[in-house]
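Chemist: Heads up, the sequence shown is in our numbering, so the first residue is 61 and it goes up one at a time.
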Amino acid sequence: MTSRAVTCLAAGLVLALAGCRKTEPYQTPSAPRPEAYKEALPDSFKESAQAHTSKDWKASAPADIAAKGKWWEAFHDPALNALEDSVDVSNQSLKSAEARFRQARALIRENRSARYPTVTGGASISRDRLSLSRGAPVPASETAYGDFNLGFDAEYEVDLWGRVRNLIAASVESAQATAADIEAVRLSLHAELALDYFDLRSLDDERRILDRAVEAYSQALALTRRRFDGGVANQVEVAEAETQLEATRAQQIDIAERRAQFEHALAVLTGQTAESFSLIENNAPLTPPVIPAGVPSDLLERRPDIAAAERRVAVANSQVGLTKAAFFPTVMLGLSAGLEGSSFANWFNWPSRLWALGPSAAQTLFDAGRRRAATEGATANYDAAVADYRQSVLSSFQQVEDHIASLRVLEGESRRQKLAVAAAHRSEMLSLNRYKGGLVTYLEVATAQTVTLQNERVQEDIARRQMEASVLLIKTLGGGWDAKSLPTAEQLAAR
61 MTSRAVTCLA AGLVLALAGC RKTEPYQTPS APRPEAYKEA LPDSFKESAQ
111 AHTSKDWKAS APADIAAKGK WWEAFHDPAL NALEDSVDVS NQSLKSAEAR
161 FRQARALIRE NRSARYPTVT GGASISRDRL SLSRGAPVPA SETAYGDFNL
211 GFDAEYEVDL WGRVRNLIAA SVESAQATAA DIEAVRLSLH AELALDYFDL
261 RSLDDERRIL DRAVEAYSQA LALTRRRFDG GVANQVEVAE AETQLEATRA
311 QQIDIAERRA QFEHALAVLT GQTAESFSLI ENNAPLTPPV IPAGVPSDLL
361 ERRPDIAAAE RRVAVANSQV GLTKAAFFPT VMLGLSAGLE GSSFANWFNW
411 PSRLWALGPS AAQTLFDAGR RRAATEGATA NYDAAVADYR QSVLSSFQQV
461 EDHIASLRVL EGESRRQKLA VAAAHRSEML SLNRYKGGLV TYLEVATAQT
511 VTLQNERVQE DIARRQMEAS VLLIKTLGGG WDAKSLPTAE QLAAR
């Protein structure tokens, strides 16, 4: 009978240990990965990529950026480089994300402590007196006594069912997701700064266009007044010239107001106050860099937001294991030791020692379905995390396709717009000459000048959109980041 009981106990132990791993080994969820992008890069990018220098993006390795991720250096703008370098040092949003990462690292060390026993110690000294009126009579000489205690307790959870392992894994994976969040925030901040910077640069170029227009319109107004004084032009033509000039001057004022707003935004992004920040004009033309998109299969490794979504799938998987471990008993090993005496004289004597050692187990027998509901909820959370991850992947491919298409379309639009600007200039010169010769009224000149100004501003807007599309394409490609740079569990646990 004893042998049979031992055999049954051993078999039950084997079966229990076989079910210790309650969570399947984690595998990255499958996600769509097209073999190539649908949209093609502009022809000029393809030609430039053949003769591209090492200072720019390489066609063979789009993620290989100078200075390990300083993608803004590809624009060759010293002012932009200086602003971007100050983001990591001064931006408060990035500091907040970094603080959350440090919080996640501390949680790893907190959960890892469950691998080791918890040891507590305590001491107490008291003088007690028993009641003489209690049920059991006590001699009066023994009603008062001293109680001197010095003890230590150690408690250790035997992780048979993987609760501690899954808890540690979840905290590590969560910290890795937070680390990827930092890179996503960093990339967004750098991209936002570049977008604001190029918008400001575009406004400077637009203001220069308006300055040239104001100068031309002033000369045209002076010419019209001379013709009016000579009796060749009429008052209507003078009023038309004045209207055109003052309307353009009003547009100059609007440019100044919009430029101030972008300056203020740049100040905040670099951690400065508006009154302490200013940015001088830059006359260099806006020229987008060459940005080969690479192959779609690399995108999943280069996007920090995708990496964060994947790590949260791993967290959800570990949480499923935590809920399943709750169906099994909690096994603890306990040790208590210390000294207890009735006075200082016998407190530290050898006979005053005490100790207790042994295992204990606790099992929830009835919880009205609470554990099962928790498991179902954790499984649903895992399914949602997988769906979010796949949606992030799909969205990332869409964004890359969108910005590649924008660059391709804008390049063709820019070529045509340059031809339109040249034709508008020719039309303006012909109309002005005809006006000087007395062949037409000033209305034709004003119309030609307005068309020229409109086309020049459209050309400048296309250049701005090209720079923005370049920045956004770099952002959607990950900005040179790589998932291999995520910290490992050992690095996260280190102080």
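In this text, a Cβ means the ideal position worked out from N, Cα and C, and glycines have one as well.
Just so you know, these numbers come straight off a predicted model, no measurement behind them.
#1: Would you call the region 347-366 and the region 169-185 touching, i.e. three or more CB-CB distances under 8 Å?
#2: Which two residues bound the contiguous alpha helix (DSSP H) that contains W407?
#3: Label Q152 either buried or exposed according to how many other C-beta atoms from any shown protein chain fall within 10 Å of its C-beta, with 16 as the threshold for buried.
#4: Consult DSSP for L50 and reduce its assignment to one of helix, strand or coil.
#5: Name, in chain order, the residues that DSSP records as bridge partners for N209.
#6: Buried or exposed: M489, going by 16 or more other Cβ atoms within 10 Å of its Cβ?
#7: Which residue from L537, A367, E461 and T303 puts its Cα closest to that of P89?
#8: Assuming R160 is part of the alpha helix (DSSP H), what are its boundary residues?
#9: Using 9 Å as the threshold, is the C-beta distance between D2 and L395 below it?
#10: Determine the closest residue to Y97 out of K478, A251, V355 and L552, with distance taken between C-alpha atoms.
#11: With distances taken between CB atoms, is the gap from R225 to L263 smaller than 9 Å?
#12: Is DSSP giving T247 helix, strand or coil here?
#13: On a Cα-Cα basis, can you pick out the residue from A299, G291, Q379 and L270 that is closest to T308?
#14: Determine the closest residue to Q509 out of R261, R525, Y449 and R272, with distance taken between C-alpha atoms.
#15: Smallest Cα separation from L260: which of T435, E323, D241 and L532?
#16: Can you name the residues that DSSP bridges to M392?
#17: Using only CA atoms, which one of A369, M392 and F387 lies nearest to A237?
#18: Using only alpha-carbon positions, find the residue among S173, N209 and Q514 that is nearest to E217.
#19: Could you round the C-beta distance between Q379 and A438 to whole angstroms and report it? I think they count as a contact, below 8 Å.
#20: Just to confirm, are V298 and L281 a CB contact at a threshold of 9 Å?
#21: Please list, in chain order, all residues of the same chain as G129 whose beta carbon is under 7 Å from its beta carbon, the five residues on each side excluded.
#22: Say whether the region 463-470 touches the region 519-530, bearing in mind that this needs 3 or more beta-carbon pairs closer than 8 Å, one atom from each stretch.
#23: Tell me whether P565 is buried or exposed, calling it buried when 16 or more other Cβ atoms sit within 10 Å of its Cβ.
#24: Could you give the DSSP three-state label for A121: helix, strand or coil?
#25: Leaving out five residues on either side along the sequence, give the residues of the same chain with a beta carbon under 8 Å from the beta carbon of T330.
Modeler: Let's see:
#1: no
#2: Taking the first residue of the sequence shown as 1, we reach residue 407 at position 347. That run of the alpha helix (DSSP H) goes F404 to W407.
#3: By 1-based counting over the sequence shown, the position of residue 152 is 92. Exposed: under 16 other Cβ atoms inside 10 Å.
#4: Limits of the chain in this structure are 61 at one end and 555 at the other, which puts residue 50 out of reach.
#5: Start at 1 with the first residue of the sequence shown, and residue 209 comes out as number 149. N209 pairs with S184 and E400.
#6: Position 429 of the sequence shown, counting from 1, holds the residue named residue 489. Result: exposed.
#7: Numbered from 1 along the sequence shown, position 29 holds the residue referred to as residue 89. Looking at the Cα atoms, A367 is the closest of the given residues.
#8: As a position in the sequence shown, residue 160 is number 100, starting the count at 1. It spans Q152 to R172 - the alpha helix (DSSP H) in which R160 sits, taken as one unbroken run.
#9: Because the chain here runs from 61 to 555, residue 2 falls outside it and cannot be looked at.
#10: Position 37 of the sequence shown, counting from 1, holds the residue named residue 97. For the residues K478, A251, V355 and L552, the minimum Cα distance to Y97 belongs to V355.
#11: The sequence position of residue 225 within the sequence shown is 165, counting from 1. The sequence position of residue 263 within the sequence shown is 203, counting from 1. Going by C-beta atoms, R225 is not nearer than 9 Å to L263.
#12: Indexing the sequence shown from 1 puts residue 247 at position 187. Looking at the sequence provided, one finds Leu at residue 247 rather than Thr. Here L247 sits in helix by DSSP.
#13: The count along the sequence shown starts at 1 and reaches residue 308 at position 248. Among A299, G291, Q379 and L270, the Cα nearest to that of T308 belongs to L270.
#14: Locating residue 509 in the sequence shown gives position 449, counting from the first residue. The residue from R261, R525, Y449 and R272 with its alpha-carbon nearest to that of Q509 is R272.
#15: On the sequence shown, residue 260 is found 200 positions in, with the first residue counted as 1. Selected option, being the one with the closest Cα: E323.
#16: Residue numbering aside, residue 392 sits at position 332 when the sequence shown is read from its first letter. According to DSSP, M392 bridges with E217 and S420.
#17: For the purposes of this step, residue 237 is identified with residue 177 of the sequence shown, where counting begins at 1. Answer by Cα proximity: A369.
#18: As a first step, residue 217 must be located in the sequence shown, where it is residue number 157. Nearest of S173, N209 and Q514 to E217, Cα basis: S173.
#19: Start at 1 with the first residue of the sequence shown, and residue 379 comes out as number 319. Start at 1 with the first residue of the sequence shown, and residue 438 comes out as number 378. Going by Cβ atoms, the distance from Q379 to A438 rounds to 5 Å, so yes, they are a contact pair.
#20: In the sequence shown, counting from the first residue as 1, residue 298 sits at position 238. In the sequence shown, counting from the first residue as 1, residue 281 sits at position 221. It is a contact, given that the beta carbons lie within the stated cut-off.
#21: Position 69 of the sequence shown, counted from the first residue, corresponds to residue 129. Around G129: G539, G540 and W541.
#22: They touch, by the three-pair rule.
#23: Beyond the ends of the chain as shown, which are 61 and 555, falls residue 565; an answer cannot be given.
#24: Translated into positions along the sequence shown, residue 121 becomes position 61. Model confidence at A121 stands at a pLDDT of 35, short of 50, so the residue's coordinates are unreliable and nothing is read from them.
#25: The count along the sequence shown starts at 1 and reaches residue 330 at position 270. These residues qualify, in order along the chain: L143, S146, V147, S150, N151, L253 and F337.
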